[in-house]
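**Student:** Take a look at the following structure, please.
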Ligand code: GDP
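In this note's numbering, the protein residues as written are 3 to 196.
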């Protein structure tokens, strides 16, 4: 059986996280929760690398477009007036394009985080995708207030500080994509591994 303490996940600090000076804060929140940083690097991504990072299949694009439609419904914004369409796929495609612009606008920090239930715990520490709805105490809830309504009106991606893998399968794929096979160092944390 795999070592349960060695689940790995992938984290990318986005341009707003880097430009707000939150690199240390993000790392601190993982380390204080007994998670281990096993790979870490600042770099400038190519548009192609970002394009291949985010899913291209219809269900993902429609899910992202659907988030915009539900916030619009909640706040009484007419999608046709705001974006020229109420089609989830078209809106999702628009958002994906803004995401590529945003993610290539500054250096990013990539890392691999390891520990018990790392995928779920890191997502919990990060908070949900949309900062205006994120609980206080999460990274997104403490350092951002952005929403699709605001971001879309400015024709840009929601600025939410970091990306973190959603499932162990996605984590494995993303670690390979950003670090290659055999990524990550091995060391023992006091109080956890020894
Ligand atoms: P994540 O896994 O929590 O990052 O969220 P998703 O995979 O659903 O979306 C990817 C990224 O697209 C998010 O982190 C946001 O930066 C951006 N995004 C998601 N939904 C919207 C939206 O409705 N409008 C805009 N402008 N950006 C969005």
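Even glycine gets a Cβ: it sits at the ideal position worked out from N, Cα and C. The structure displayed is predicted, hence computed values, not measured ones.
(1) What is the rounded straight-line gap between the Cα of residue 94 and the Cα of residue 62?
(2) Report whether the distance from the Cβ of residue 101 to the nearest heavy atom of ligand 1 is below 7 Å.
(3) How would you call residue 169, buried or exposed, if buried means at least 16 neighbouring beta carbons within 10 angstroms?
(4) So what does DSSP say about residue 160, is it helix, strand or coil?
(5) Can you give me the start and stop residues for the beta strand (DSSP E) that residue 143 sits inside?
(6) Is there contact here, the segment 145-163 with the segment 97-109, by at least three beta-carbon pairs under 8 Å?
(7) Would residue 141 and residue 28 qualify as a contact pair, given that the criterion is a beta-carbon distance under 8 Å?
(8) Are there three or more Cβ pairs, one per stretch, closer than 8 Å when the segment 136-151 is compared with the segment 38-45?
(9) For the candidate residues 74, 193 and 56, whose alpha-carbon lies nearest to that of residue 100?
(10) Are residue 176 and residue 167 touching if we call contact CB-CB under 8 Å?
(11) Where does the unbroken beta strand (DSSP E) through residue 38 begin, and where does it stop?
(12) If you draw a straight line from the C-alpha of residue 52 to the C-alpha of residue 195, how long is it?
(13) Looking at residue 116 and ligand 1, is the gap between the Cβ and the nearest heavy atom below 7 Å?
(14) How big is the Cα-Cα spacing for residue 118 and residue 35?
(15) Assign residue 11 to one of three DSSP states: helix, strand, or coil.
(16) Would you check if the segment 114-131 and the segment 14-26 touch, i.e. whether three or more CB-CB distances between them fall below 8 Å?
(17) Near residue 11, what residues of its chain come up, given a Cβ to Cβ distance below 7 Å and the 5 sequence neighbours on each side ignored?
(18) For residue 89 and residue 7, what's the separation of their Cα atoms in angstroms?
(19) So residue 151 and residue 77 are supposed to be a Cβ contact under 8 Å. How far apart are they, rounded?
**Tutor:** Concretely, from the data shown:
(1) 8 Å
(2) yes
(3) exposed
(4) coil
(5) That residue, residue 143, is in no beta strand (DSSP E); its alpha helix (DSSP H) goes 141-145.
(6) yes
(7) yes
(8) no
(9) 56
(10) yes
(11) 38-45
(12) 35 Å
(13) no
(14) 10 Å
(15) strand
(16) no
(17) 115, 120, 121, 124, 166, 167 and 173
(18) 43 Å
(19) 5 Å
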